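Worksheet: the structure to be examined is printed underneath.
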């Protein structure tokens, strides 16, 4: 599985039948983190389906330390889930 991460806007272009999440399994912790970011972005795109609204709001939260800390927590929670699914990449 590659470490490429789609932005929330790129998710809109995918057909409903496309599997954007075939598995939580990743080869490395770095790929796991990229997946955690992707999960967070997908959550935003799912919650606010209008890409224009997301673009309009981006400058507001991009400059707000509390918003940035909040998204860091969301990513960390997703990373914790992915890490557990991968048995913390133990060999």
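Residue numbers (my numbering): 38 to 128. Ideal Cβ placement from N, Cα and C applies to all residues, glycine included. Small disclaimer: the values here were computed from a predicted structure and weren't measured.
Residue from 89, 65, 121 and 76 with nearest C-alpha to residue 56: Of the candidates 89, 65, 121 and 76, the one whose C-alpha sits nearest the C-alpha of residue 56 is 76.
Count the other C-beta atoms from every protein chain shown that fall within 10 angstroms of the C-beta of residue 39, then say buried if there are 16 or more, exposed otherwise. Because the pLDDT of residue 39 is 47, which lies under 50, any placement of that residue in the model is unreliable, and the number read from its coordinates should be weighed accordingly. Flag for residue 39 reads exposed.
Take residue 73 and list the residues in its own chain whose beta-carbon comes closer than 7 Å to its own, dropping the five residues that flank it on each side. Closer than 7 Å at the Cβ level, and outside the excluded window around residue 73, lie 112, 115, 116 and 119.
I need the DSSP call for residue 40, collapsed to helix, strand or coil. Since pLDDT at residue 40 reaches only 47, below the 50 mark, its modelled position is unreliable, and the value read off the structure follows with that caveat. Judged by DSSP in its simplified three-state form, residue 40 adopts coil rather than helix or strand.
Among the residues of its own chain, which have a CB less than 6 Å from the CB of residue 104, if the five just before and after it don't count? The beta carbon of residue 104 sits closer than 6 Å to the beta carbons of 98 from its chain, once the five residues preceding and following it are set aside; these are given in chain order.
Over what stretch of residues does the alpha helix (DSSP H) that includes residue 127 continue unbroken? Segment: none, residue 127 is in no alpha helix (DSSP H) and carries neither H nor E.
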